[in-house]
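See below for the structure under consideration.
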Amino acid sequence: MTALAQPRHQVSRALAQVHALLDEITEASLWSMDPAETAATLVEATRACARVAELEARVASHATRVEVAERAGATSLTNWWAHATRQTHGTAAAKTRLAASLGRHGLVRDALAAGTVLVDQAAVIMTAVDALPDDVDPVLVEEAEHHLIGQAAHFDAHALRRLGKGLLHVIDPDAADAHYARLLEAEERAATQTTRLTLTDHGDGTTRLRGTLPTAQAQTLKKQLLAFAAPKHRAAVEGSVGERLPGPERLGRALCEWIERYPTHRLPDAGGLTATVVVTIPVETLLGGLEPGVLDTGTTISPGQARRLACEAQIIPMILDGNSQPLDLGRRRRFHTKAQRLAIAHRDQTCTADGCDWPPGLCHIHHNNPWAAGGPTSVKDGRLLCPKHHTRAHDPHYTTTTLPGGKVAFTRRT
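Rendered as structure tokens:
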């Protein structure tokens with residue numbers, strides 16, 4: 007970037023003087039500046055940035071009028087500006103749009119030039135005013151602009167955006183409700199159109215989820231996951247001395263638990279079948295063997311997880327004998343009925359692992375004697391286990407001991 011050798015216009019000369027003043031303080035030490043002056047100076051530096059941004063936008067608008075880009079052979083001011091200053095095209099485009107908007111909103115331009123609003127606040131104010139209905143009286147539009155500029159002294163850009171959505175309530179309450187409803191409907195339509203979800207299998211036992219959801223559904227999902235990730239819930243599942251996990255990991259594990267516990271009878275039919283996963287399990291695995299299970303998607307899972315899943319109705323287990331022939335497919339005899347589950351819940355009250363008080367509604371039903379080994383699907387042979395302890399019941403690294411009171415304890419094998 008090359009500066010003019012001898013600037014002639016007063017704006018150009020003023021900028022040259024600003025550069026000269028900044029050159030003088032480039033090496034200035036700040037050690038003697040006390041906290042109060044430091045705070046005030048930081049605020050003033052922020053105001054100065056806003057004022058310079060307004061000047062930059064004003065010069066950009068002038069550059070459009072005098073055809074700077076065309077004279078240089080560029081296709082647009084944005085392209086020329088990005089190339090001349092080495093800023094990104096996106097940054098230059100945003101500044102070009104800001105300049106055009108400020109040209110239509112003199113009050114906001116003046117506030118930015120005075121440093122009483124910041125660039126992001128100015129952009130939000132102009133967007134909110136532009137979103138007002140076309141039939142609003144121009145006097146009311148100016149009043150709306152004044153109102154938001156005044157609010158900028160108290161609220162940041164995010165809060166101003168929320169205030170902007172209710173701007174019509176301030177200037178024309180009678181028309182506000184209908185307009186606000188239209189704004190919300192348009193926002194929801196746009197959110198629905200941008201909804202996406204992709205699942206990418208990394209091939210190492212993990213899958214990456216990336217997506218965009220409407221805020222209402224995302225907040226609902228977050229509240230449900232937070233219930234699973236709550237400290238009391240995790241303590242009940244993992245014990246009071248469990249490792250304190252970072253927030254993202256807790257939510258990730260909560261999502262896994264949410265998926266496993268979602269009632270399959272509430273899923274829509276697909277080709278006459280609910281969207282239910284089938285897991286192929288060798289009978290030896292159910293009896294404690296080490297051969298993995300295989301989901302109908304082709305994914306292999308550990309023997310312990312196969313045994314745990316086989317106890318629940320979240321999947322349909324296909325049990326194979328030693329010759330890989332199906333012994334049983336489905337839930338008819340394997341899973342406890344609703345009445346049996348209610349009876350077991352009434353009897354056990356909580357997870358039956360010693361020291362765990364997880365409630366029945368969040369527990370699995372576990373067979374004391376494995377079904378594949380001839381164990382009955384009965385109230386007497388079933389017990390409540392929370393997901394964590396149910397996993398341990400099928401984990402070959404743990405032994406299960408039934409205590410005198412009917413509770414069970416798990417001990418890690420040495």
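All letters in the sequence shown, in the order written, are residues 7 to 420 by this note's numbering.
Just so it is clear, CB atoms sit at the ideal spot from N, CA and C, and this is done for glycine as well.
Next item on the list: Would you give the residue range spanned by the alpha helix (DSSP H) that Y186 belongs to?
Entry: The residue labelled residue 186 in the question sits at position 180 within the sequence shown. Per DSSP, Y186 belongs to the alpha helix (DSSP H) from 179-199.
Checklist line | Option nearest Q355 by Cα separation, candidates K171, C392, A224 | finding: Working through the sequence shown from its first residue, we reach residue 355 at position 349. Among K171, C392, A224, the Cα nearest to that of Q355 is on C392.
Item checked: Cβ neighbour criterion (16 or more within 10 Å) applied to H152 -> Working through the sequence shown from its first residue, we reach residue 152 at position 146. In summary, H152 is exposed, with fewer than 16 beta-carbon neighbours lying within 10 Å of its beta-carbon over all protein chains present.
Next item on the list: Classify S35 as buried or exposed, calling it buried when 16 or more other Cβ atoms lie within 10 Å of its own Cβ.
Entry: Mapped onto the sequence shown, residue 35 falls at position 29. So S35 ends up on the exposed side.
Notebook entry, point to check: Out of W264, A196, A98, T218, which has the shortest C-alpha to C-alpha gap to T204?
Noted result: As a position in the sequence shown, residue 204 is number 198, starting the count at 1. For the residues W264, A196, A98, T218, the minimum Cα distance to T204 belongs to T218.
Item checked: D207 (DSSP reduced to helix, strand or coil) -> Here residue 207 refers to the residue found at position 201 of the sequence shown. Strand.
Check: Under 7 angstroms between the Cβ atoms of L390 and P410?
Finding: Within the sequence shown, residue 390 is the residue found at index 384, counting from 1. Within the sequence shown, residue 410 is the residue found at index 404, counting from 1. For the 7 angstroms CB-CB criterion, L390 and P410 do not form a contact.
Check: H342 by DSSP, collapsed to three states: which one?
Finding: Within the sequence shown, residue 342 is the residue found at index 336, counting from 1. H342 falls in the coil class under three-state DSSP.
Margin query: Residues in the same chain with beta-carbon distance under 7 angstroms from S82, minus the five sequence neighbours each way, listed in chain order, please.
Written below: As a first step, residue 82 is located in the sequence shown; it is residue number 76 there, counting from the start. Residues A75 of the same chain have their beta carbon placed closer than 7 angstroms to that of S82, with the five preceding and five following residues left out of the count.
Next item on the list: Please report how far the alpha carbon of L301 lies from the alpha carbon of A181, in whole angstroms.
Entry: Here residue 301 refers to the residue found at position 295 when the sequence shown is read from its first residue. Here residue 181 refers to the residue found at position 175 when the sequence shown is read from its first residue. Cα-Cα distance, rounded: 57 angstroms.
Checklist line | Residue from A134, E193, C357 with nearest C-alpha to H164 | finding: By one-based count along the sequence shown, residue 164 stands at place 158. Cα-wise, what sits closest to H164 is A134.
Next item on the list: Return the first residue and the last residue of the alpha helix (DSSP H) that A260 is part of.
Entry: Locating residue 260 in the sequence shown gives position 254, where the first residue counts as 1. Looking at the DSSP string, the run of the alpha helix (DSSP H) that includes A260 is 253-267.
Notebook entry, point to check: Tell me, which residues are paired with T52 by DSSP?
Noted result: Within the sequence shown, residue 52 is the residue found at index 46, counting from 1. T52 is not bridged to any residue.
Check: Under a three-way DSSP split, which group does G361 fall into?
Finding: To locate residue 361, count along the sequence shown from 1; it is residue 355. If DSSP states are grouped into helix, strand and coil, G361 belongs with coil.
Next item on the list: Tell me where the alpha helix (DSSP H) around V300 begins and ends.
Entry: Locating residue 300 in the sequence shown gives position 294, where the first residue counts as 1. Careful: V300 lies outside any alpha helix (DSSP H), inside the beta strand (DSSP E) at 299-301.
Margin query: Rounding to the nearest angstrom, what Cα-Cα distance links K386 and C357 in this structure?
Written below: Working through the sequence shown from its first residue, we reach residue 386 at position 380. Working through the sequence shown from its first residue, we reach residue 357 at position 351. Taking the straight line joining both Cα atoms gives about 15 angstroms.
Item checked: Residue range of the unbroken alpha helix (DSSP H) whose run includes R167 -> By 1-based counting over the sequence shown, the position of residue 167 is 161. Unbroken alpha helix (DSSP H) run through R167: 163-171.
Checklist line | 7 angstroms Cβ cutoff met for A260 and L227 | finding: Within the sequence shown, numbered from 1, the residue matching residue 260 stands at position 254. Within the sequence shown, numbered from 1, the residue matching residue 227 stands at position 221. No, Cβ-Cβ distance for A260 and L227 is not below 7 angstroms.
Notebook entry, point to check: Out of curiosity, what's the CA-to-CA distance linking R17 and D140?
Noted result: Translated into positions along the sequence shown, residue 17 becomes position 11. Translated into positions along the sequence shown, residue 140 becomes position 134. Going by the sequence as given, residue 17 is Val instead of Arg. The alpha-carbon atoms of V17 and D140 are separated by roughly 36 angstroms.
Next item on the list: Please classify A150: is it buried, with 16 or more other beta-carbons within 10 angstroms of its beta-carbon, or exposed?
Entry: Numbered from its first residue, the sequence shown carries residue 150 at position 144. Buried, since its Cβ has 16 or more Cβ neighbours within 10 Å.
Next item on the list: Pull up the CB-CB distance for G4 and L154, whole angstroms please, since I reckon it's below 8 angstroms.
Entry: As shown, the chain starts at 7 and ends at 420. That puts residue 4 outside it, with no answer to give.
Next item on the list: Please list, in chain order, all residues of the same chain as M132 whose beta carbon is under 6 angstroms from its beta carbon, the five residues on each side excluded.
Entry: Locating residue 132 in the sequence shown gives position 126, where the first residue counts as 1. Taken in chain order, the residues that qualify are S107, H111, V114.
Note to self: I need the DSSP call for R419, collapsed to helix, strand or coil.
What the structure shows: The residue you call residue 419 lines up with position 413 of the sequence shown. DSSP places R419 in the coil class of the three-state scheme, outside both helix and strand.
Checklist line | Close beta carbons around R418, own chain, < 7 angstroms, minus the five adjacent residues each side | finding: Numbered from its first residue, the sequence shown carries residue 418 at position 412. So the list reads H403, Y404, once near-sequence residues are dropped.
Item checked: For R216 and F234, the rounded distance between their alpha carbons -> As a working mapping, residue 234 is identified with position 228 in the sequence shown. As a working mapping, residue 216 is identified with position 210 in the sequence shown. Distance between the alpha carbons of F234 and R216: 21 angstroms.
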